[in-house]
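Residue numbers (this note's numbering), protein chains in the order written: chain A, 32 to 143; chain B, 4 to 115.
First the structure, in the form of structure tokens, and then the observations on it.
Set out below in structure tokens:
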């Protein structure tokens, strides 16, 4: 079946450090891939997405590239800020009517 | 543009009771999806409604049901509540297909 696996947290970094959160997926066909972010007490916000192989999604300094050969969609940011502290979810969907299938989430804490 | 609105934000119920949660999508959005978020199971898809019809359903028991009204507002009902139903219930809307989804801040349901 379809599934998403992302690295276990929590991840603690110092401000301005480089961030990588690994995400791999299992799916038949060609899913769309997403990163969502959840701040404390809030719902999920779409951070970025990619709909086909080799697409790069980017937003607010975050980037992720859809790698079909490695079935991966790793999230990266060159210099994190304290305000990036949140839980990050990798997700996939298949087809125009596909619901989102989420990974377990990775909690990121950024210290000043 | 107003976002997805979920009411109430917090709810406390006892085992055996039933509960109804409400979701008002972004104006113009016709697809509404519901998700359950728990620490153990993470984010799991409940169901999706489009134009008042359930279009997709997750793997939850029949105690979980929903509906959508002609103005696209949606309600979710859980009957015979169990302790394991304690969770954050998130609603998400999109224009037509389920992607990209815009999430509300959720309803926190606690079962005593």
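Glycine is no exception: its CB is placed at the ideal position from the N, C-alpha and C atoms.
Predicted model, so just to flag it, every value in this text is computed and none were measured.
According to DSSP, residues forming a beta bridge with residue i
i	result
residue 132 of chain A	A:123
residue 114 of chain B	B:16
residue 105 of chain B	B:96
residue 102 of chain A	Looking at the DSSP assignment, residue 102 of chain A forms no beta bridge with any residue, so it has no partner.
residue 94 of chain A	A:89 and A:107
residue 52 of chain A	A:106
Where residue i meets chain E, residues with beta-carbon distance less than 7 Å
i	result
residue 62 of chain B	No chain E appears in the structure shown, which is made up of the protein chains A and B.
C-alpha gap between residue i and residue j, whole angstroms
i	j	result
residue 35 of chain A	residue 126 of chain A	16 Å
residue 100 of chain A	residue 75 of chain B	40 Å
residue 89 of chain B	residue 78 of chain A	27 Å
residue 95 of chain A	residue 19 of chain B	45 Å
residue 143 of chain A	residue 71 of chain A	18 Å
residue 22 of chain B	residue 112 of chain B	9 Å
residue 57 of chain B	residue 92 of chain A	37 Å
residue 88 of chain A	residue 80 of chain A	5 Å
residue 40 of chain B	residue 6 of chain B	20 Å
residue 103 of chain A	residue 73 of chain A	27 Å
residue 98 of chain A	residue 62 of chain B	29 Å
residue 102 of chain B	residue 82 of chain A	11 Å
residue 49 of chain A	residue 76 of chain A	22 Å
residue 115 of chain B	residue 42 of chain B	17 Å
residue 61 of chain A	residue 107 of chain B	28 Å
residue 44 of chain B	residue 136 of chain A	11 Å
residue 73 of chain B	residue 32 of chain A	34 Å
residue 85 of chain A	residue 105 of chain A	12 Å
residue 77 of chain B	residue 91 of chain B	16 Å
residue 114 of chain A	residue 51 of chain A	16 Å
residue 124 of chain A	residue 87 of chain B	26 Å
residue 105 of chain B	residue 93 of chain B	10 Å
residue 110 of chain A	residue 46 of chain B	28 Å
Residue of the options minimising C-alpha distance to residue i
i	options	result
residue 138 of chain A	A:119, A:71 and A:72	A:119
residue 30 of chain B	B:44, B:63, B:8 and B:103	B:8
residue 10 of chain B	B:40, B:43 and B:28	B:28
residue 25 of chain B	B:110, B:115 and B:114	B:110
residue 53 of chain A	A:47, A:46 and A:38	A:38
residue 116 of chain A	A:69, A:86, A:104 and A:85	A:69
residue 47 of chain A	A:136, A:124 and A:107	A:107
residue 71 of chain B	B:54, B:43 and B:106	B:54
Same chain only: Cβ atoms within 6 Å of residue i, ignoring 5 sequence neighbours per side
i	result
residue 59 of chain B	51
8 Å CB neighbourhood of residue i in its chain, flanking five on each side removed
i	result
residue 122 of chain A	35, 64, 65, 66, 67, 131, 132, 133 and 134
Same chain only: Cβ atoms within 7 Å of residue i, ignoring 5 sequence neighbours per side
i	result
residue 112 of chain A	46 and 141
residue 90 of chain A	78 and 79
ask   = Does the region 88-97 of chain B come close enough to the region 35-48 of chain B that 3 or more CB-CB pairs lie under 8 Å?
value = yes
ask   = Between the region 8-19 of chain B and the region 43-57 of chain A, are three or more C-beta pairs nearer than 8 Å?
value = no
key: At least 3 beta-carbon pairs within less than 8 Å: the region 39-52 of chain B vs the region 60-69 of chain B   = yes
query = If we count Cβ pairs, one from each stretch, closer than 8 Å, do we get three or more for the region 38-45 of chain A versus the region 80-90 of chain B?
reply = no
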